[in-house]
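Chains as they are written, first to last, in our numbering: chain A, 1 to 425; chain B, 1 to 242.
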Amino acid sequence: MGAYYTALVPIPMKIFADSASTFILERPDAAERQLAWSAFETAGLPTTDDEVWRYAPLKDLVLDRFSVAAQPADGGDSDFAAQLCQRAGLVVRVVDGFCTSTGQLTEGVEVEVDGSNRSLAGTSLVERYASDTFAVLNTALAPATTVLRIAAGVNVERPIVILNVSNSTSSFSRTQIELGRGASATVVEYFEGGADALVVPLSEYRIDENAVLQLITYQRLDATAWHVARTTGFLGRDARLRQAVIGIGAHYNRSRNDAEMLGTGAENELRTTFLGSGRQVHDFRTHQFHAAARSRSTLLSKGAVADESRSVYTGLIEIEKGAKRTDARQTNHNLLLSPRAHADSVPNLDIRENDVMCAHASSVGPLDELQRWYLESRGVTREDAERLMIQGFFYEMLANLPTELAELVERDVTSVLATVNVVTP
Amino acid sequence: MTSTLVISGLRVEVAGKEVLKGFDLSMASGEVHVIMGPNGSGKSTLAHALAGHPGYRVLAGSVTLDGVDLMALSATERARHGLLLAMQQPLEVPGVRPIDLMVAAGADPTRLRERMRAEAERVELRPEVLDRFVNVDLSGGERKRAEMVQFGILRPKFAVLDEIDSGLDVDALGAVARRLSGATTEWGCGILAITHFRRLLQELAPTVIHVLSEGRVVATGGPELAEVLERDGYEPFRVATS
């Protein structure tokens with residue numbers, strides 16, 4: 001298999017490649033996976049010369065530290081995961097990318113482990129993600145797609161939790177959520193584990209006419225993990241996707257969250273937030289694609305970086321010709337909690353229609369001095385005032401979640417914040 | 001126990017300009033003092049300087065509460081010593097809930113939610129506002145009333161109320177004034193209200209009125225002073241300073 005070295009960026013990955021090869025050969029769709037794997041080998045890992053990967057510490061990414069899991073490895077859940085599951089009406093367990101339990105299904109709610117390589121975009125996954133190296137890797141190495149389907153008109157009252165646990169050194173999970181016409185549900189995609197692991201989840205959501213999906217993506221991986229995630233929502237007429245993405249863990253946390261407003265009146269609300277500490281890098285990318293008239297997107301990205309951590313937010317709003325009366329808004333605020341932390345914000349617009357409303361705003365800075373004084377003037381100590389404000393930065397992002405989930409996540413975020421060092425100017 | 005607040009010779013600079021030019025005032029527990037003065041006379045500067053606003057620099061003078069020099073203390077310590085400022089424009093603090101703020105400020109957590117609701121009721125504030133983030137998306141009048149909830153929970157020895165009357169309609173102003181008057185007997189709170197409207201005087205029945213002009217107290221007297229102001233305005237007092 002000298003082919004390893006045909007990669008544009010030759011990287012030692014014999015262990016990884018051998019385990020991938022073993023994994024692929026055992027699958028029924030080995031031929032298709034092999035195509036994806038070859039595409040990955042040909043493209044190689046990206047480099048920081050590539051604008052899209054400019055901020056990733058790619059020189060630290062040594063694939064031979066990882067091997068592809070042939071089966072899910074054993075491991076326990078965290079207390080948080082247990083509490084989250086207690087609040088759920090349905091828990092779907094995915095370990096190292098393998099769906100190990102579909103939970104107790106109810107009328108109109110279906111979970112299928114799908115071995116096909118179909119994207120909700122209507123094409124094959126390889127075609128859909130050809131230009132995204134890590135998504136291509138997921139296409140080759142995810143054991144299967146875990147598909148959650150909510151039938152038309154079904155309103156799922158209690159939250160559905162998709163519990164993604166990474167126990168092995170690599171994990172390629174793939175999730176698709178489909179809501180039929182007029183359906184509604186709240187889904188939490190939760191990620192934990194991932195010590196010294198490569199975690200590459202790929203998710204797609206199809207929300208049909210008038211359906212409403214409230215989605216919370218909560219990433220609490222180990223601080224040593226490499227996390228490269230991508231989600232895409234496909235929204236039909238008057239469909240709504242309300243998505244909150246919260247990134248806490250991982251050494252490198254990359255989260256690309258896209259939405260395609262394909263039907264008239266489709267609406268996407270996306271809130272992304274992160275907390276950086278140590279030498280973490282949080283790399284958030286968004287792409288709101290408005291293909292239909294009267295579609296709306298509201299994007300709020302807020303994050304805090306402490307210690308020597310850094311973050312980048314790159315957001316693109318794309319409005320297609322004919323998507324009249326589209327309303328797209330993008331806001332990004334970054335909080336610097338240390339003089340050595342760094343945040344970049346790169347908003348982009350690509351508008352091919354005149355009759356639209358489009359706005360973006362961004363800011364980078366330390367805690368607001370006057371807000372802090374206001375709290376202090378009530379008798380709050382400086383330290384507590386800062387904690388309240390940083391905590392508040394995240395609480396604000398969670399304000400739209402159902403109360404029982406918001407409280408749980410707030411408590412969890414607060415426990416992490418208690419460990420973060422704040423250096424004020 | 002009677003407490004005393006003594007401000008003497010206070011000079012304060014804001015944005016490089018001296019606004020308060022030697023301010024004197026002395027008051028005791030349970031008293032209600034009102035400071036009146038035209039725009040720019042230094043009323044808000046006094047309020048901000050007392051509460052330790054970072055944009056205001058004290059050049060000289062002293063402020064003591066029961067003999068403790070407040071100006072030597074941080075904003076936090078001043079509040080903990082019993083001085084609370086209710087602001088003219090209370091700041092929005094997104095993500096922070098009023099109850100968490102009160103706990104962090106040292107309020108007794110026992111039945112705190114209920115106590116806050118009761119305080120809200122006293123000033124006719126919708127209780128739902130207490131579940132929102134501090135002052136976020138509140139109207140001007142709601143913010144003023146939200147400040148009064150904090151006041152009722154924190155029970156300061158002395159409260160400085162900066163233009164508490166602006167943004168409140170007549171009914172709300174009455175409720176706020178009754179709450180303040182109640183505090184003077186409930187825990188002997190001393191009230192220092194800053195205003196340029198006479199309306200508050202009618203509701204609050206102050207013991208002493210101070211007229212502030214160009215950074216100094218130019219007249220001090222009883223309620224009769226308000227009538228002079230009503231009749232002649234600030235002009236006679238302005239002349240007195242030159």
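The C-beta atom is built at its ideal place from N, Cα and C for all residues, glycine as well. Bear in mind the structure is a predicted one, so any value in this text is a computation, not a measurement.
- At a cut-off of 9 angstroms, the C-beta of S362(A) has no neighbouring C-beta in chain B.
- When the Cα atoms are used, P46(A) and H290(A) turn out to be separated by approximately 28 angstroms.
- Put simply, the backbone Cα of R242(A) is about 32 angstroms away from that of G75(A).
- The continuous stretches of beta strand (DSSP E) do not include M102(B), which lies in the alpha helix (DSSP H) extending over residues P98 to A104.
- Annotation for A43(A): T133 place their beta carbon closer than 6 angstroms to its own, counting only its chain and skipping 5 residues before and after.
- Contact between the region 148 to 168 of chain A and the region 117 to 135 of chain A is absent: fewer than three C-beta pairs spanning the two stretches fall below 8 angstroms.
- For the region 362 to 388 of chain A, the beta-carbon criterion of a distance under 7 angstroms to any beta-carbon of chain B is satisfied by E369, L370, Q371, W373, Y374, L375, E376, S377, R378, G379, V380, T381, R382, D384 and L388.
- If you look at C358(A), you'll find it in the beta strand (DSSP E) that goes V356 to G365.
- Counting C-beta atoms within 10 angstroms of its own C-beta, F197(B) has fewer than 16 neighbours from the protein chains shown and is therefore classed as exposed.
- In the three-state scheme derived from DSSP, where H, G and I count as helix and E and B as strand, V123(B) is classed as coil.
- Contact note: F274(A) does not reach chain B at a C-beta cutoff of 7 angstroms; the least C-beta distance is about 15 angstroms.
- Chain-ordered listing is empty here: chain A has no CB closer than 7 angstroms to the CB of R143(B), the nearest sitting near 11 angstroms.
- A straight line joining the alpha-carbon of D169(B) with that of G140(B) spans about 11 angstroms.
- In terms of beta-carbon proximity, A399(A) lines the interface with chain B, with at least one pair separated by less than 9 angstroms.
- Residue pairing by DSSP places D60(A) opposite no residue, since no beta bridge is assigned to it.
- For L91(B), the C-beta contacts it makes with chain A under 8 angstroms involve L370, Q371 and Y374, in order along the chain.
- Nearest in C-alpha terms to G9(B), of all of G61(B), K157(B) and Q88(B), is G61(B).
- Of the other Cβ atoms in all chains shown, 16 or more fall within 10 Å of the Cβ of L138(B); this residue is therefore buried.
- Bounds of the beta strand (DSSP E) holding T298(A) are R296 to V305.
- Of the residues assessed, P109(B) falls on the exposed side of the cut-off, its CB having fewer than 16 other CB atoms within 10 angstroms.
- C-alpha of W226(A) to C-alpha of D196(A): approximately 8 angstroms in a straight line.
- Inclusion of V161(A) and V92(A) in the CB contact set at 9 angstroms is warranted, their separation being smaller than that value.
- Three or more Cβ pairs drawn from the region 278 to 287 of chain A and the region 240 to 260 of chain A lie within less than 8 angstroms of each other, which places the two stretches in contact.
- Note that the C-beta distance between T175(A) and P201(A) is below 9 angstroms.
- Beta-carbon to beta-carbon, S338(A) and N268(A) are separated by about 33 angstroms, too far to satisfy the 8 angstroms threshold.
- Partner residues in the beta bridge of D162(B), as assigned by DSSP, are I194(B).
- Taking the CA atoms as reference points, G182(B) sits about 10 angstroms from L204(B).
- Within 8 angstroms of the CB of L101(B), the CB atoms of chain A belong to L375, R378, V380 and L388, in sequence order along the chain.
- Taking the C-beta atoms as reference points, F158(B) is found nearer than 9 angstroms to L192(B).
- By the neighbour-count definition (other C-beta atoms within 10 Å, threshold 16), E204(A) is a buried residue.
- In the DSSP assignment, H33(B) forms a beta bridge with L192(B) and V208(B).
- Contact between R325(A) and D350(A) does not hold, since their C-beta atoms are separated by about 18 angstroms, which reaches or exceeds 8 angstroms.
- In this model, A229(A) and L125(B) are separated by some 45 angstroms (Cα to Cα).
- In the three-state DSSP reduction, A36(A) falls in the helix class (H, G or I).
- Annotation: the continuous beta strand (DSSP E) that includes K21(B) extends over K17 to A28.
- Here T232(A) is near D258(A), since their CB atoms are less than 9 angstroms apart.
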